[in-house]
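Anchor point for the sequence shown: position 102 equals 560 in this note's numbering, and the numbering is continuous, going up by one each time.
Don't be surprised by glycine CBs; every beta carbon is placed ideally from N, CA and C.
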Amino acid sequence: MHLILIFVGSFLIAYFTFDFFRIYLDKKKGFRVIISFNFILALIGILLYLYSTEDKKIFYIAMLVPLYASLVYKGMVSLFIKNFGRLPEDTAFKFYVKFPDTMFNVLYGILAIVLPLALLFWLMD
Numbered sequence: 459m460h461l462i463l464i465f466v467g468s469f470l471i472a473y474f475t476f477d478f479f480r481i482y483l484d485k486k487k488g489f490r491v492i493i494s495f496n497f498i499l500a501l502i503g504i505l506l507y508l509y510s511t512e513d514k515k516i517f518y519i520a521m522l523v524p525l526y527a528s529l530v531y532k533g534m535v536s537l538f539i540k541n542f543g544r545l546p547e548d549t550a551f552k553f554y555v556k557f558p559d560t561m562f563n564v565l566y567g568i569l570a571i572v573l574p575l576a577l578l579f580w581l582m583d
């Protein structure tokens with residue numbers, strides 16, 4: 459049961475980091491703090507994976523997802539700024555949005571949450 463909590467929790471950390479701390483991800487100082495926290499979490503996941511004697515220790519790899527999601531976000535933002543000359547706007551709970559901002563958020567959701575989730579389920583079999 460605790461493995462499922464680790465698995466679900468790692469994806470929730472990635473989601474809440476993006477949703478609630480998006481303002482801090484765009485600033486250098488805030489990004490460094492979030493990356494540091496996610497790096498420590500990823501390091502704990504790697505150490506638990508290496509030294510665990512459990513059968514289903516693939517779930518500890520899920521602790522890498524917040525670090526991956528933060529780095530994907532930073533890379534996508536830099537590409538968005540390069541192409542559009544501005545930061546992407548948050549389109550959650552808004553009805554009148556710009557198409558590039560919506561596509562940014564949808565693509566980020568797929569790359570940062572759906573892709574790792576599918577990959578971990580595939581590795582689990």
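| Check | Outcome |
| --- | --- |
| By a C-beta neighbour count over all protein chains shown, 10 Å radius and 16 as the cutoff for buried, is A443 buried or exposed? | Within the shown structure, residues of the chain are numbered from 459 to 583, placing residue 443 beyond reach of any answer. |
| Specify whether the region 499-517 and the region 473-487 touch according to this definition: at least 3 beta carbon pairs, one from each stretch, less than 8 Å apart. | no |
| Residues in the same chain with beta-carbon distance under 6 Å from L529, minus the five sequence neighbours each way, listed in chain order, please. | none |
| In whole angstroms, give me the CA-to-CA distance for Y526 and P558. | 22 Å |
| Have a look at A570 and Y531 and give me their C-alpha separation to the nearest angstrom. | 8 Å |
| Would DSSP call A520 helix, strand or coil? | helix |
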